[in-house]
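Numbering (this note's numbering), first residue to last: 165 to 452. Here a beta-carbon is modelled for each residue, glycine too, at the ideal position from N, C-alpha and C.
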């Protein structure tokens, strides 16, 4: 057994001795104390939780660059996904992402704390599933159903608007371009946002269904109509090697850049109804 594993088990035992450990059984009543340790479960829980039900969210939810519900999140204590701090909050339920800290999730489960892990959303359809799952987890099924109904209505109105403004025009070719030249394909949430906005994803032409790295020279030769750049840096005055490519003079003088750049902002990050705001802005920003 590794030193880390022995230390983890020792901490788990210590916490259990101090606070007691219950069996992780099925929830029979809505959880009264819920902790979220993932940015995207933060957003879903903030939209659906009953007053006082969510007692802590991840520290990322306090960052307005990536979190649409920053102001609501800042009314709650933030956690950094550490098992010790989460256990001390005495949660009835912990919300995590599929790829949230594995060691933390494993330790909490050994301590008998119920943990529900949410899969990433890869499409707008997946958002309905995530809302339904969160509603069930929190005992807020009625509220989730209402939110899903509103989401469907908004999607329908947005689709009709997109069809109207694109009617009779050639479908623009667009590319998502993020730090180090990463682009998202059609099998990603970002790719579905492009599709909903009535844009052709350049990644498909390059064979990137899920995504991949695109050299600047390749992008310029492909000559897309529109450019969607990755999220702005948290420190606009600072310099990041990963983002340096997005400031390259050749990119800044490209036809797509001169046509107007859209931003892959906080509404794109998680699979929530806020993605429709991203779709709406993208339609307006890419319509001549």
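Residue i by DSSP, collapsed to three states: which one?
i: residue 377; result: strand
i: residue 393; result: strand
i: residue 331; result: coil
i: residue 200; result: strand
i: residue 190; result: For residue 190, the predicted model reports a pLDDT of 46, less than 50, meaning its position is unreliable; a value from the coordinates is still stated below. Coil.
i: residue 253; result: coil
i: residue 366; result: helix
Taking its Cβ as the centre, do 16 or more other Cβ atoms sit within 10 Å of residue i, making it buried, or is it exposed?
i: residue 271; result: buried
i: residue 374; result: exposed
i: residue 251; result: buried
i: residue 179; result: Caution applies to residue 179, whose pLDDT of 44 falls short of 50 and renders its modelled position unreliable; the value that the coordinates give is listed next. Its Cβ being crowded by 16 or more others within 10 Å, residue 179 is buried.
i: residue 239; result: exposed
i: residue 215; result: exposed
i: residue 149; result: The question about residue 149 has no answer here: the residues shown for the chain are numbered 165 through 452.
What is the residue span of the beta strand (DSSP E) that residue i lies within?
i: residue 218; result: 218–222
i: residue 436; result: Where residue 436 is concerned, there is no enclosing beta strand (DSSP E), given that its DSSP letter is neither H nor E.
Which residue from the options puts its Cα closest to that of residue i?
i: residue 369; options: 383, 356, 360 and 357; result: 383
i: residue 276; options: 282, 283 and 254; result: 254
i: residue 410; options: 385, 432 and 343; result: 343
i: residue 376; options: 358, 359 and 339; result: 339
i: residue 305; options: 417, 286, 419 and 212; result: 212
i: residue 301; options: 198, 381 and 231; result: 198
i: residue 435; options: 307, 387, 353 and 192; result: 353
Please list the terminal residues of the continuous alpha helix (DSSP H) segment that includes residue i.
i: residue 236; result: 234–237
i: residue 268; result: 266–274
I want to know whether the stretch 421–431 touches the stretch 440–450 - three or more CB-CB distances under 8 angstroms. By the C-beta criterion, the stretch 421–431 is judged to be in contact with the stretch 440–450, since at least 3 inter-stretch pairs fall below 8 angstroms.
For the stretch 282–298 and the stretch 194–211, state whether three or more C-beta atom pairs, one from each stretch, are separated by less than 8 angstroms. Yes, they touch.
Please confirm if the stretch 307–324 is in contact with the stretch 332–344, defined as three or more CB-CB distances below 8 angstroms between the two stretches. no
contact_flag[the stretch 306–313, the stretch 337–357] where n(CB pairs < 8 angstroms) is 3 or more: no
Is the number of C-beta pairs between the stretch 436–446 and the stretch 352–363 that are closer than 8 angstroms three or more? yes
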